[in-house]
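See structure below.
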Amino acid sequence: MTLQRLAAERTAGVLNASALARDAGIFHETARTYLRYLELSFQVVLLRPWFANRSKRLIRSPKLHWLDVGVWRSVTRRWDGLPGELYESAVVSEVLKVLGSFRTPWEAFHLRTHDGLEIDLLLVSGDEVIAVEIKKAGRVTTADLRHLRRVENVTGRRLRLGLVIHRGTRLLQLDDHLWAVPDVLLFGEPAA
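Numbering (our numbering), first residue to last: -9 to 182.
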């Protein structure tokens, strides 16, 4: 199995380059070089982990996102359905395109702690953050907000906006700065 296909199958996951190299039967440095080529050819993005305080127990590995759904399908040979991890990568890809096109001051990261807090996409500018949870489901529940509510405490920055991007059709304000937003409102059509 090629490293390209193995990387595609890990979309939306925290990257373990050593495991990827082992599974591909190649040296660790060769895998890193190949991943760099995948980045340079705009097939993947390695979303950096956010951490400001090295003493906090945060995951410090990048998250791998495949940027093109069609290429992902061709590489993995998975033509049916929309896996949740592919949906997450498609949404991240669209957000990164917007950030790159408009040269906004927001930098993109992911956030994951050892105690289970996970933010799919964390946009940081100065002392503010925009936290984004990505849910393939068409319905948002209060459980989907639990990580967004903890962002200020973990980052030490003000939560400007918390979004749950989903496949449903309803735009809902869930709290002061927390919104459930259908992907169609952000991207004009479903992300994948």
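We put the beta carbon where it would ideally sit given N, CA and C, even for glycine.
From a predicted model like this one, the values you see are computed outputs, not experimental measurements.
In this chain, PHE177 is not harboured by any beta strand (DSSP E); it is covered by the alpha helix (DSSP H) spanning 173 to 177. Under a 10 Å Cβ-count criterion, HIS18 is classified as exposed, with fewer than 16 other Cβ atoms of the shown protein chains found around its own Cβ. In this structure, the straight-line span from the alpha carbon of LEU(-7) to that of GLU108 is close to 27 Å.
A straight-line Cα-Cα distance of about 28 Å links ARG140 and GLY90. When secondary structure is reduced to three states using DSSP, VAL114 falls in the strand class. CA-to-CA, the gap between VAL174 and GLU78 works out to about 14 Å. Here the C-alpha atom of ARG68 lies approximately 31 Å from the C-alpha atom of THR103. Contact annotation: PRO52 and LEU5 have beta-carbon atoms nearer than 8 Å.
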